[in-house]
Amino acid sequence: QEKVQQSPESLIVPEGAMSSLNCTFSNSASQSIWWYQQHPGKGPEALISIFSNGNKKEGRLTVYLNRASLHVSLHIRDSQPSDSAVYLCAVISSGSWQLIFGSGTQLTVMP
Amino acid sequence: ETAVFQTPNYHVTQVGNEVSFNCKQTLGHDTMYWYKQDSKKLLKIMFSYNNKQLIVNETVPRRFSPQSSDKAHLNLRIKSVEPEDSAVYLCASSQWTGQDTQYFGPGTRLLVL
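Residue numbers (this note's numbering), protein chains in the order written: chain W, 105 to 215; chain E, 25 to 137.
(1) If you count every other CB in all the chains shown that lies within 10 Å of the CB of N99 of chain E, and 16 or more means buried, which is it?
(2) Can you list, in chain order, the residues of its chain whose CB lies under 6 angstroms from that of S114 of chain W, leaving out five sequence neighbours each side?
(3) Determine the burial state of W120 of chain E: buried for a count of at least 16 other Cβ atoms within 10 Å of its Cβ, exposed for fewer.
(4) State the Cα-Cα distance for the pair T129 of chain E and I69 of chain E, rounded to the nearest angstrom.
(5) Would you kindly report the start and end of the unbroken beta strand (DSSP E) that includes E185 of chain W?
(6) Could you please give me the residues that DSSP links to G199 of chain W through a beta bridge?
(7) Mind checking if V36 of chain E is an interface residue toward chain W, Cβ cutoff 9 angstroms exclusive?
(8) Starting from R133 of chain E, follow its DSSP beta bridges and name the residues at the other end.
(9) Using only alpha-carbon positions, find the residue among E:P32, E:T31 and E:G40 that is nearest to S104 of chain E.
(10) Among the residues of its own chain, which have a CB less than 7 angstroms from the CB of L178 of chain W, if the five just before and after it don't count?
(11) Kindly indicate the opening and closing residues of the beta strand (DSSP E) around N81 of chain E.
(12) Shorter than 9 angstroms from the beta carbon of F205 of chain W to some beta carbon of chain E?
(13) How big is the Cα-Cα spacing for Q43 of chain E and C193 of chain W?
(14) Assuming Q30 of chain E and T125 of chain E make a contact with CB atoms under 8 angstroms, what is their CB distance in whole Å?
(15) What three-state label does DSSP hand P107 of chain E in the structure shown?
(16) Chain E beta carbons: is any one of them nearer than 9 angstroms to that of W201 of chain W?
(17) Would you check if there are 3 or more beta carbon pairs closer than 8 angstroms linking the segment 169 to 189 of chain W to the segment 106 to 121 of chain W?
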């Protein structure tokens with residue numbers, strides 16, 4: 105069974121700073137890796153996904169994937185208080201094509 | 025704009041009762057899912073349903089069963105709830121399985137006393 109681990113569990117940054125979140129997965133043959141954002145009382149919302157080694161940028165978000173080290177990171181430039189939420193990393197299992205989630209990073213951006 | 029709708033928002037019940045949660049998606053997607061989210065925010069897939077093909081996570085107890093009337097609806101029934109069933113149940117949909125974006129509903133919070 106694919107495993108996904110996230111760090112840190114909790115991250116507090118000041119407004120305007122860069123937020124950096126990490127995720128490791130257990131199978132280099134995993135398909136896409138996804139980042140979801142979840143606000144309290146809401147369902148997760150997909151932010152960005154990556155399949156190939158390297159980086160992908162969308163607005164203030166940048167994702168880096170290194171399949172050899174089984175590591176993916178999400179960086180949020182110019183963090184805003186509205187970015188405060190739980191960020192979930194998820195990988196598509198190569199066997200079942202199902203999303204396997206990590207337990208999340210709670211990001212708090214202080215005004 | 026919410027495109028995956030879940031009812032109820034919150035449900036309190038007692039051990040041994042039967043409960044049913046509803047999910048409807050208006051995105052025209054072909055695949056729907058049920059997830060369980062525990063108190064530590066860990067999401068685990070329970071079921072996925074596509075073109076009348078059901079894929080069940082082998083760890084899901086038999087008292088859980090999905091029910092679908094058409095591709096826009098996938099309900100979840102729990103036959104005889106137990107305390108460990110207390111969690112948030114999230115419904116999602118995607119165009120196909122695999123690489124497509126999954127869209128989640130707001131969840132149903134279940135508390136079993």
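Using N, Cα and C, we set each Cβ at its ideal position, and we do this for glycine too.
Working from what's here:
(1) buried
(2) Q210
(3) exposed
(4) A small fix is needed here, since residue 129 of chain E is Gly in this sequence, not Thr. Approximately 14 angstroms, taken between the alpha carbons.
(5) The sequence shown places Pro at residue 185 of chain W, rather than the Glu named in the question. Element bounds for P185 of chain W: n/a, residue is neither H nor E.
(6) Looking at the DSSP assignment, G199 of chain W forms no beta bridge with any residue, so it has no partner.
(7) no
(8) E:Y34 and E:V112
(9) E:G40
(10) L125, W139, L165, V167 and Y191
(11) Neither: N81 of chain E is in no beta strand (DSSP E) and is coded neither H nor E.
(12) yes
(13) Per the sequence shown, the amino acid found at residue 43 of chain E is Val instead of Gln. Looking at the two C-alpha atoms, the distance is approximately 30 angstroms.
(14) Not a contact, Cβ separation roughly 18 angstroms.
(15) helix
(16) yes
(17) yes
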